[in-house]
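Below is one structure, written out as structure tokens, with a few remarks after it.
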Amino acid sequence: MGTIEHSEKYSNFWQSQKLGLQQTALATGRSFEPSDFSESSIIYFLRKNYNTMQFHIDKINNKARACTIITKHSTITTPVFMPVGTVAAVKALDAIDLQTLLKPEIILGNTYHLYLRPGEGVIDAMGKLQGFTKFPKSFLTDSGGFQAFSLSDNVKIDEGGIHFKSHIDGSKHYFTPTKVIDIQYNLGSDIMMILDDLVALPAMQERIQASIERTTRWAKESITYHRANQQNNIALDQNIFAIIQGGVDRAFREKSAKELCAMDFDGFAIGGLSVGEANQEMYDTVEWTTQFMPTDKPRYLMGVGTPEDLVENVMRGIDMFDCVMPTRNARNGTLFTTFGKVHIKNAEYTTDDKPIDPACECIVCRTYSRSYLRHLFRAKEITYLRLSSIHNLYYYLWLMKQMRQAILEERFETFRKEFYAKRGVVLL
Ligand SMILES: [Zn+2]
């Protein structure tokens with residue numbers, strides 16, 4: 002049903018663009034060839050003249066935003082949490098689980114992992130990420146810079162790119178800004194991330210400065226390459242986001258944001274946070290950085306975080322999030338609920354017949370008891386991994402929907418107070 006609605010919207014959108022082009026042609030007296038009205042010509046025209054990832058702000062409540070993003074494969078309403086499917090699967094789940102039980106409009110894949118295995122050529126041959134995984138909606142792919150940095154031994158960064166050794170077989174590889182875009186062309190990502198140079202915190206000022214300058218140079222190389230390809234009708238449906246760096250330093254964040262946001266990207270991410278700094282430092286950095294980001298493009302905070310982090314950063318104007326936390330913590334026995342965390346191995350749940358979260362409407366909470374889940378966890382039964390992942394992701398996606406509704410109804414601050422009150426935290 003969702004897919005039909007989306008394809009109708011997508012086709013209505015192109016119809017309206019076509020009409021607009023015809024009117025422009027009439028008004029300006031310019032003659033258009035029939036080929037000017039093919040979808041690719043219209044996309045090219047729009048890419049040249051507008052920002053073509055369809056992005057609409059539905060409501061702003063203080064700084065919190067409810068927006069709609071339309072890509073080729075889905076209509077994404079924000080704020081949005083994107084489940085992480087690093088190797089083209091959200092761990093313990095498949096596309097049927099996603100489509101029937103969770104219904105995300107966008108998930109993540111990782112360029113580094115998919116490039117090493119199975120190789121982007123395999124995915125291209127199997128109908129891109131959607132054809133390969135059978136998840137028909139949007140994919141965002143990370144550039145792989147972070148994984149090359151964090152998973153590999155002997156990483157060496159030079160002005161041209163990142164040299165690294167595969168964590169699988171030790172083979173040597175070199176990622177450059179254009180190479181990671183070529184890989185993402187083959188993957189068919191709806192949103193591609195550029196290669197960035199990130200720094201582990203804390204870091205020396207000189208190292209952060211070098212990271213920003215290199216990230217800006219690589220961003221310029223990336224956008225020039227991608228837009229030139231689009232002029233040759235390559236990757237017209239693929240969008241590209243830049244990644245703002247700068248640690249927790251205000252001057253560096255401002256510089257990085259201003260330099261990148263002056264370029265013609267489809268959206269902007271804040272990277273290099275949630276890497277060990279205090280929560281409040283992260284929130285302050287986000288609040289500081291968003292003021293330099295355009296309002297008319299999506300804002301994505303990478304790799305964040307806990308339910309509290311999502312609420313705090315939506316309040317500061319972030320639209321998109323991803324994090325391994327709901328799935329990884331599920332597997333480790335930590336379940337997220339409206340009243341805080343549940344550590345399912347605890348003895349208090351031995352004969353507890355209540356669901357994980359009585360307020361949650363996921364299939365797991367509607368069917369199984371805490372007692373049963375505790376037993377599956379302790380028995381290391383693989384069924385536990387699937388059930389806990391379903392609940393935690395459902396909770397995250399549901400939290401985003403509640404936030405969106407609150408923004409649309411201009412009561413986000415009330416929602417935030419209630420969110421904390423249910424966790425036993427009183428906000429002043
Ligand atoms: Zn549930």
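Numbering (this note's numbering), first residue to last: 2 to 429. Glycine included, every Cβ here is placed at the ideal spot set by N, Cα and C. Please read these numbers as outputs of a predicted model, since none were measured by experiment.
Please report the distance separating the alpha-carbon of residue i from that of residue j.
i              : j                 : result
leucine 400    : proline 308       : 8 Å
tyrosine 421   : valine 287        : 20 Å
arginine 375   : methionine 83     : 27 Å
asparagine 330 : arginine 251      : 32 Å
glycine 132    : threonine 351     : 43 Å
alanine 407    : valine 85         : 25 Å
arginine 215   : leucine 261       : 12 Å
alanine 182    : lysine 381        : Rather than alanine, the amino acid found at residue 182 in this sequence is isoleucine. Spanning the two alpha carbons is a distance of roughly 40 Å.
asparagine 155 : phenylalanine 165 : 6 Å
glutamate 313  : aspartate 59      : 20 Å
cysteine 361   : phenylalanine 147 : 34 Å
glycine 3      : cysteine 68       : Interpretation of glycine 3 is limited by its pLDDT of 47, a score under 50 that renders its predicted location unreliable; no figure is taken from the coordinates.
glutamate 411  : glycine 341       : 25 Å
glutamate 282  : glycine 248       : 10 Å
From the DSSP output, in three-state form, read off residue i for me.
i                 : result
cysteine 324      : coil
arginine 215      : helix
asparagine 111    : strand
asparagine 280    : helix
lysine 180        : helix
histidine 57      : strand
lysine 418        : helix
alanine 360       : coil
leucine 386       : helix
isoleucine 391    : helix
tyrosine 369      : coil
phenylalanine 511 : The requested residue 511 is not part of the displayed model; the chain covers only 2 to 429.
asparagine 50     : Confidence in asparagine 50 is poor, its pLDDT being 48 and thus under 50, which makes the residue's placement too unreliable to answer from.
threonine 69      : strand
aspartate 124     : In the sequence under discussion, the amino acid at residue 124 is isoleucine, which differs from the aspartate named in the question. If DSSP states are grouped into helix, strand and coil, isoleucine 124 belongs with the helices.
Compute every distance between the C-beta of residue i and the non-hydrogen atoms of ligand 3, then say whether any falls below 7 Å.
i              : result
isoleucine 345 : Absence of ligand 3 from the depicted structure is noted, with ligand 1 being the only ligands included.
Is there at least one non-hydrogen atom of ligand 1 closer than 7 Å to the beta-carbon of residue i?
i              : result
cysteine 361   : yes
histidine 164  : no
valine 365     : yes
tyrosine 395   : yes
aspartate 98   : no
histidine 376  : no
aspartate 354  : no
isoleucine 192 : no
isoleucine 124 : no
isoleucine 184 : no
histidine 57   : no
isoleucine 77  : no
histidine 392  : yes
isoleucine 70  : no
aspartate 358  : yes
Beta carbon of residue i, beta carbon of residue j: below 8 Å?
i                 : j              : result
glycine 145       : asparagine 111 : yes
glycine 318       : threonine 291  : yes
isoleucine 77     : isoleucine 124 : no
phenylalanine 337 : asparagine 393 : yes
methionine 404    : glycine 268    : no
methionine 193    : threonine 142  : yes
valine 315        : serine 275     : no
proline 178       : glycine 189    : no
isoleucine 391    : leucine 109    : no
isoleucine 195    : tryptophan 219 : yes
alanine 1         : lysine 135     : The requested residue 1 is not part of the displayed model; the chain covers only 2 to 429.
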